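Trainee: Attaching a single structure in structure tokens format; questions to follow.
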Amino acid sequence: MLVTYGATKMAPSTRQWRIPVGLQLLFGGLLGLGMLFTKESTRWLAKVGRHDEALKSLIWVRGGEYDQEIQAEMNEINAGIAEEDRLTQGVTWKEYTLPANRWRIILVVTLQIGVQLTGNTSLAYFAPQFFAAVGAGNNAVFMSGFFGLCKVVACFFFLLFLVERIGRRWALLNGAFLMAILMLIVAIITATEPPTGKAGLTRSASAAIGMIYIEAMVYNISWGPVPWLYMSEIFPTRIREGAIATGTATQWLFNFVFSQITPHAINNLGWKTFLMFAIFNCSLIAYTWFFIKETKGRSLEEMELLFNPSGTQLNLEEARQKAYDAEESATSLDHGKSELKV
Numbered sequence: 261m262l263v264t265y266g267a268t269k270m271a272p273s274t275r276q277w278r279i280p281v282g283l284q285l286l287f288g289g290l291l292g293l294g295m296l297f298t299k300e301s302t303r304w305l306a307k308v309g310r311h312d313e314a315l316k317s318l319i320w321v322r323g324g325e326y327d328q329e330i331q332a333e334m335n336e337i338n339a340g341i342a343e344e345d346r347l348t349q350g351v352t353w354k355e356y357t358l359p360a361n362r363w364r365i366i367l368v369v370t371l372q373i374g375v376q377l378t379g380n381t382s383l384a385y386f387a388p389q390f391f392a393a394v395g396a397g398n399n400a401v402f403m404s405g406f407f408g409l410c411k412v413v414a415c416f417f418f419l420l421f422l423v424e425r426i427g428r429r430w431a432l433l434n435g436a437f438l439m440a441i442l443m444l445i446v447a448i449i450t451a452t453e454p455p456t457g458k459a460g461l462t463r464s465a466s467a468a469i470g471m472i473y474i475e476a477m478v479y480n481i482s483w484g485p486v487p488w489l490y491m492s493e494i495f496p497t498r499i500r501e502g503a504i505a506t507g508t509a510t511q512w513l514f515n516f517v518f519s520q521i522t523p524h525a526i527n528n529l530g531w532k533t534f535l536m537f538a539i540f541n542c543s544l545i546a547y548t549w550f551f552i553k554e555t556k557g558r559s560l561e562e563m564e565l566l567f568n569p570s571g572t573q574l575n576l577e578e579a580r581q582k583a584y585d586a587e588e589s590a591t592s593l594d595h596g597k598s599e600l601k602v
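Just remember that the working numbering sits 260 ahead of the position in the sequence shown, which is counted from 1.
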């Protein structure tokens, strides 16, 4: 964004778009060139049965010679692949349509649609246009650079300090609520004091831009990372790969849809675009309240109880106690048999 901002300060010519695009091609080309000298993934080679190449790849990655530690790590990789194959053996699409699994897939699909409804993907793609719409004037591109920085800082803070401190449901609920309020404030400011078209920033424009920055930070500690985390937690191992792929495909599909809709919304609706996203966020509050269950700190076994399709409230502690009692009974029985043999 800073390179793009610098390009906008140049004299109007094709260089204003050629330089930013050309720099991306340069670094992309270097990355592609580097891939030619990179070994295949050790895990992938082992998974397709190319074990000798897998071992050589692991030795290359570790930057040393073959030793017992390398062999032990290779054995762990092979054991992990064998366990993964065992758990996913015989999986068919019919398993995805079972009531409990079907409901979870519906949840992740709607969650990923919800990510787009927050309006933040639209803000990220068309930040200069949004900032111009609230009165940033000639500073729109520069403001967009700080917008991206706010998102990175907030997401970094979430991953370091909040990811295991606050619940998934709590983060989604409060995130949608705060984003709805902030989008509404931006809509009110822009509607009551429309941009003047002057180069400088007015107080109302500064306030609206500040609200957008805060909104972006709220998104990146809630609806930005949490749906991806939630999606990776709720599925059993057997169908996790396909289910996550479905959620990811949904995200990119609606990402494309909103990237096509947003420019028309900005041009035709103006400040009402922010009101539209405020309403969308309000709908996400209701959606989260009624349909999203807390998954923080739960095991795979607890997830199965949580998403029980019958809707029956199971007593988890009672289930654990029964399992413990059954194990104790089996141990006592084996011990009794051993004493009889003696």
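Just so you know, even glycine gets a beta-carbon here, dropped at the ideal spot from N, CA and C. For clarity, every value in this text was computed on a predicted model and none was experimentally measured.
Is it buried or exposed for isoleucine 337, if we count other Cβ within 10 angstroms and need 16 for buried?
Mentor: buried
Trainee: Over what stretch of residues does the alpha helix (DSSP H) that includes isoleucine 481 continue unbroken?
Mentor: Neither: isoleucine 481 is in no alpha helix (DSSP H) and is coded neither H nor E.
Trainee: Check arginine 346 in the structure and name its three-state DSSP category.
Mentor: helix
Trainee: Using the Cα positions of serine 559 and leucine 566, report the straight-line distance between them to the nearest angstrom.
Mentor: 10 Å
Trainee: Determine contact between the region 486-505 and the region 518-529, defined as no fewer than three beta-carbon pairs at a distance below 8 Å.
Mentor: No, because fewer than three Cβ pairs between the region 486-505 and the region 518-529 fall closer than 8 Å, the two stretches do not touch.
Trainee: Alpha helix (DSSP H) containing isoleucine 426: first to last residue?
Mentor: Looking at the DSSP string, isoleucine 426 is not in any alpha helix (DSSP H), and its letter there is neither H nor E.
Trainee: Just checking leucine 291 against the ligand COA - is the residue's beta carbon closer than 7 Å to any of the ligand's heavy atoms?
Mentor: No copy of the ligand COA appears in this structure; indeed no ligand is present at all.
Trainee: Note down, one range per segment and in chain order, each alpha helix (DSSP H) of at least 4 residues found wholly within the region 494-557.
Mentor: 497-529, 532-551
Trainee: Ignore the nearest five residues each way along the sequence and tell me which others in leucine 315's own chain have a CB closer than 6 Å to its CB.
Mentor: Met334
Trainee: For arginine 322, I'd like the list of residues in its chain whose CB is within less than 7 Å of its CB, leaving aside the five on either flank, ordered along the chain.
Mentor: Ile330
Trainee: Glutamate 453 and serine 464 - do their beta-carbons sit closer together than 8 Å?
Mentor: Here serine 464 is near glutamate 453, since their CB atoms are less than 8 Å apart.
Trainee: With DSSP as the reference, label serine 559 as helix, strand or coil.
Mentor: coil
Trainee: Run through DSSP, which three-state label would arginine 310 get?
Mentor: coil
Trainee: Quick check on this structure: which residue in His311, Thr352, Lys307 has the alpha carbon closest to the alpha carbon of glutamate 343?
Mentor: Lys307
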